[in-house]
Amino acid sequence: MKLTGAQALIKSLETQGVDVMFGLPGGAILPVYDPILGSSIRHILVRHEQGAGHMAEGYAMVTGRAGVAMVTSGPGATNVVTPLSNAYMDSTPLVVISGQVATSAIGSDAFQECDITGVTMGITKHNWLVTRAEDIPRTVAAAFHVATTGRPGPVLIDLPKDVSNAEMEWYWPATEADLDLPGYHPRLDGDPAAIARAAQLILAAERPVLYVGGGVLKAGATDALLELAERTGFPVVTTLMARGAFPDSHPLCLGMPGMHGNYTAVTAMQRADLLVALGARFDDRVTGKVSAFAPAAKVIHVDVDPAEIGKVRAPEVGIVGDCRRVIEALLEALEAAGLGHDDAAVRTERGARGRPGTQAASRPARDGWWAQLRAWQAAYPLHYEEEAGGPLKPQRVVETLRALSSPDTVVVAGVGQHQMWASQYWRFEQPRTWVNSGGAGTMGFAVPAAIGAKVGRPDRTVWAIDGDGCFQMTAQELATASAERIPVKVAILNNAYLGMVRQWQEMFYAERYSEVYLSPDLPDYVKWAEAMGCVGIRAETPEEVAPAIEKANAIDDRPVVVDFRTDAFEKVFPMVPAGGSNDDIVVHPSQAQGRVVQ
Amino acid sequence: MSSAGDGEPRHHILSVLVENKAGVLARVAGLFSRRGFNIFSLAVAPTDDERFSRLTIVVDVESAPLEQVVQQLDKLVNVVAISQLAPEAAVERELLLATVAVDAPRRGEVIELVGVFRGEVVNVGLDRLTVMLADDPDTVDDFERLLGAYGIVELQRTGRVALPKLGRSKAD
Ligand SMILES: Cc1ncc(C[n+]2csc(CCOP(=O)(O)OP(=O)(O)O)c2C)c(N)n1
Ligand SMILES: [Mg+2]
Chain A
1 MKLTGAQALI
11 KSLETQGVDV
21 MFGLPGGAIL
31 PVYDPILGSS
41 IRHILVRHEQ
51 GAGHMAEGYA
61 MVTGRAGVAM
71 VTSGPGATNV
81 VTPLSNAYMD
91 STPLVVISGQ
101 VATSAIGSDA
111 FQECDITGVT
121 MGITKHNWLV
131 TRAEDIPRTV
141 AAAFHVATTG
151 RPGPVLIDLP
161 KDVSNAEMEW
171 YWPATEADLD
181 LPGYHPRLDG
191 DPAAIARAAQ
201 LILAAERPVL
211 YVGGGVLKAG
221 ATDALLELAE
231 RTGFPVVTTL
241 MARGAFPDSH
251 PLCLGMPGMH
261 GNYTAVTAMQ
271 RADLLVALGA
281 RFDDRVTGKV
291 SAFAPAAKVI
301 HVDVDPAEIG
311 KVRAPEVGIV
321 GDCRRVIEAL
331 LEALEAAGLG
341 HDDAAVRTER
351 GARGRPGTQA
361 ASRPARDGWW
371 AQLRAWQAAY
381 PLHYEEEAGG
391 PLKPQRVVET
401 LRALSSPDTV
411 VVAGVGQHQM
421 WASQYWRFEQ
431 PRTWVNSGGA
441 GTMGFAVPAA
451 IGAKVGRPDR
461 TVWAIDGDGC
471 FQMTAQELAT
481 ASAERIPVKV
491 AILNNAYLGM
501 VRQWQEMFYA
511 ERYSEVYLSP
521 DLPDYVKWAE
531 AMGCVGIRAE
541 TPEEVAPAIE
551 KANAIDDRPV
561 VVDFRTDAFE
571 KVFPMVPAGG
581 SNDDIVVHPS
591 QAQGRVVQ
Chain B
1 MSSAGDGEPR
11 HHILSVLVEN
21 KAGVLARVAG
31 LFSRRGFNIF
41 SLAVAPTDDE
51 RFSRLTIVVD
61 VESAPLEQVV
71 QQLDKLVNVV
81 AISQLAPEAA
91 VERELLLATV
101 AVDAPRRGEV
111 IELVGVFRGE
121 VVNVGLDRLT
131 VMLADDPDTV
141 DDFERLLGAY
151 GIVELQRTGR
161 VALPKLGRSK
171 AD
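Residue numbers (my numbering), protein chains in the order written: chain A, 1 to 598; chain B, 1 to 172.
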């Protein structure tokens, strides 16, 4: 069967199982937009290509499948650079297809020419410039394979216009060997010797912490993690990228560590004698000053990316492999050492009883450790203060939103204070219910990512918790959402400021506020929402919060925007000052009095 | 340029088999620059299989742990295989071409020097000589230093290539 390159591209995407893609056409990609008319793939026309990229990310983060975006050459392609970089930092599988000028014009500074493979080389897992139509099916199959296997990540296929127009004989690569990837072999199974050593460290630990990162979600390892945690009786911290990988309501869960993590999660890691890092990468926002991080801890580090092992912290045991496979192998090793499944350990902190006569039967008790952890939790819970008749606190909004939403609600955040409050005050119970921009910290992520998430999980309620600053960066995509009938909900925590920057200026620049004020009512968010076909709601006092949310939750035929006018001066606590040691965590001022130094 | 006095060698040799595809060198160079790894020298050559090329990269192991350099390189999809060569376990060669300004009376001295090093005179002008030496990089360094006394007008070095030293047992 003869096809044009453009037809082959769409057929390849269909064959690959793509059901939706996000994009915006232009000259160089025009040939590919023609066969979209007859395709089974739903194309969502965005208002800005950055929106397409973040939608594809939101889609990928809730479904686990690769998100697909399509853009034209030059400015279309450069507009998707931020989402590519974002997806690269957060290991999100993304396939971006960009149009390119004809091969004969490449290098001539042709109209809308941009060397996008060069630009994105450092922010994609791999990219391809396709120069022959017959390479298209193989390249598409390879792109999806690379994006979704091993450590997932974004890839880009640059497709010159003459290649789209050329004819080729259709085929589909039958096996992995046909993908022409001689240098790509992710290692998924952990080394048994290393797993055995890890089991030994686990059985000897007195002050352990399971340090859970986003890799656990990507590997679909949450069930295995639950068994590991309950069987060992080890406390669990979930990083910003791993919220939802372990239920917040579980007695073993300590919540989020890091710069704005809670005191117990941060301090437990600092005092631990064993950190079991699972799909986590010792990000600076988690470790604080690396030389002062968890000084007494031995480290077991499990990651599918060999380059993460030892990049920041040299582990006692490094295991390269897929988190689910490695945790399952670890469970077998523990079983062999006498620590098998124990129904009595379910939803407790006690851990399984070791089989009598085995090493596991005499492992150190962790009662003292748990007593310490509970004491910290009692002394330093997450905390904020409200005065009667005072301003609306952003934390109150998040808590109320959570209380009025089902636990499978997908929450999407922008970047800033509101993101941290969302990660702290939302109670996460299920995997893939939290979508945020962690590694890159991309303002403007929330609105388009929420749209992509809703497209991926139309059965779920999707709430974006956004900042006023972030909202203004990508709000235009609500027009996309209205046009495409994608009923997302957006809660703007409108503090009239670039709040996170304002907080740093208050704390570290002697309250010298430089270029952070935005105004609460310029723009008028309600009118703006209405202009984009959404319902706009405003809530200014604590009393108005619940009714506004209930009203928003009752709407399911169009997007809703709620403008919550929140306290401009509220700060995120706890906070580890940038570059500082996690020991110097700053708690809420009301808790700082009489802080026990451990 | 090579070993830092009597301590551990500062450099390490990576022999990297890459796919022979457009942009591969940019990917490798880009990786080194964005991760802050330093390269002392880099040589690229085809292999006997036209699908692949071989890069010989001499890396500064003080700029980053070797393991990290190798693991990051290995993540590049076009990188097929990496072998690490510690300087003591490798035979290394580098080629130098130098044009020296030398008038007739001193020409003999330079030719003698070239002879001592088993180099070659490859071109002779009225007041210049172009000489060549292929040897291990330390020897090439020495040769370059000695030539310097005569006034080097132009100099080109290839960067080193290397292969593992052969053991005394039979290869299988
Ligand atoms: C694209 C981009 N530009 C700048 C920043 C730096 N930055 C981080 S948080 C923040 C303020 C965000 O303001 P807003 O969306 O109102 O959130 P708030 O902190 O007030 O909750 C800024 C400017 C960023 N993360 N991303
Ligand atoms: Mg704000």
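Each residue gets a CB set at the ideal place from its N, CA and C atoms; glycine is no exception.
{"Query": "Amino acids of chain A, ordered along the chain, whose beta-carbon sits closer than 9 Å to that of Q84 of chain B", "Result": "Ordered by position in chain A, no residue passes the 9 Å Cβ test against Q84 of chain B, which lies about 14 Å from the chain."}
{"Query": "V312 of chain A beta carbon less than 8 Å from that of V276 of chain A", "Result": "no"}
{"Query": "Cut-off 8 Å between Cβ atoms - residues of its own chain near S519 of chain A, not counting five sequence neighbours on either side", "Result": "A496"}
{"Query": "Closer than 7 Å at the beta carbon, the chain B residues around H126 of chain A", "Result": "V77"}
{"Query": "Reduced DSSP category for Y59 of chain A - H, G, I as helix; E, B as strand; rest coil", "Result": "helix"}
{"Query": "The stretch 400-413 of chain A / the stretch 463-473 of chain A touching (three or more Cβ pairs under 8 Å)", "Result": "yes"}
{"Query": "Cβ shell of G76 of chain A (< 6 Å), same chain only, five flanking positions each side left out", "Result": "G26, E49"}
{"Query": "Beta-carbon neighbours of G30 of chain B, restricted to chain A and to distances below 8 Å", "Result": "M121, G122"}
{"Query": "Cβ of Q598 of chain A within 8 Å of any chain B Cβ", "Result": "Because Q598 of chain A sits at a pLDDT of 45, beneath the cut-off of 50, its placement in the model cannot be relied upon, and the point is left open."}
{"Query": "Three-state secondary structure (DSSP) of F564 of chain A", "Result": "strand"}
{"Query": "Distance cut-off 7 Å: G244 of chain A Cβ against heavy atoms of ligand 2", "Result": "no"}
{"Query": "C-alpha distance - L85 of chain B paired with H12 of chain B, whole-angstrom precision", "Result": "7 Å"}
{"Query": "Cutoff 8 Å: R34 of chain B Cβ touching any chain A Cβ", "Result": "yes"}
{"Query": "Rounded C-alpha distance that separates I202 of chain A from T232 of chain A", "Result": "8 Å"}
{"Query": "Those residues which DSSP pairs with E113 of chain A across a bridge", "Result": "According to DSSP, which records beta bridges pairwise, E113 of chain A is partnered with nothing at all."}
{"Query": "Near-chain A residues of the stretch 145-171 of chain B (beta-carbon distance less than 8 Å), N- to C-terminal order", "Result": "none"}
{"Query": "Straight-line Cα distance separating G51 of chain A from P31 of chain A", "Result": "22 Å"}
{"Query": "Closer than 7 Å to ligand 2: residues, by C-beta to nearest heavy atom, in chain order", "Result": "A:G416, A:Q417, A:H418, A:G467, A:D468, A:G469, A:L493, A:N494, A:N495, A:A496, A:Y497, A:L498, A:G499, A:L518"}
{"Query": "Contact test: M599 of chain A Cβ vs ligand 1 heavy atom, cutoff 7 Å", "Result": "Nothing can be reported for residue 599 of chain A: it is not among the residues displayed for chain A, which extend from 1 to 598."}
{"Query": "Spatial distance of E332 of chain A from A403 of chain A (CA atoms)", "Result": "39 Å"}
{"Query": "Check: V501 of chain A C-beta below 7 Å from any heavy atom of ligand 3", "Result": "Looking at this structure, you won't find ligand 3 anywhere; what it does contain is ligand 1 and ligand 2."}
{"Query": "Local Cβ density within 10 Å of M473 of chain A, reported as buried at 16 or more and exposed below that", "Result": "buried"}
{"Query": "Neighbour list for A307 of chain A in chain B, Cβ cutoff strictly below 8 Å", "Result": "Q68, Q71, Q72, D74, K75"}
{"Query": "Of the listed residues A:K298, A:G255, A:S104, A:E14, nearest to W172 of chain A (C-alpha basis)", "Result": "A:E14"}
{"Query": "Outcome for S91 of chain A when other beta-carbon atoms lying within 10 angstroms are tallied against a minimum of 16", "Result": "buried"}
{"Query": "Enclosing beta strand (DSSP E) for R350 of chain A [first to last residue]", "Result": "Neither: R350 of chain A is in no beta strand (DSSP E) and is coded neither H nor E."}
{"Query": "Proximal residues of chain A, C-beta to C-beta of R27 of chain B below 7 Å", "Result": "M121"}
{"Query": "Residues of the stretch 39-71 of chain B whose Cβ lies closer than 7 Å to any Cβ of chain A, in chain order", "Result": "E67, Q68, Q71"}
{"Query": "Coil, strand or helix - K289 of chain A by DSSP", "Result": "coil"}
{"Query": "G414 of chain A beta carbon near ligand 1 (any heavy atom closer than 7 Å)", "Result": "yes"}
{"Query": "Simplified DSSP assignment, three categories, for A333 of chain A", "Result": "helix"}
{"Query": "Whether F569 of chain A touches A539 of chain A by CB criterion (8 Å)", "Result": "no"}
{"Query": "Contact the stretch 254-268 of chain A vs the stretch 174-191 of chain A: 3+ CB pairs below 8 Å", "Result": "no"}
{"Query": "A548 of chain A vs I537 of chain A beta-carbon contact at 8 Å", "Result": "yes"}
{"Query": "Short CB-CB distance (under 8 Å) between G23 of chain B and chain A", "Result": "yes"}
{"Query": "Alpha-carbon spacing of D521 of chain A relative to D459 of chain A, whole angstroms", "Result": "33 Å"}
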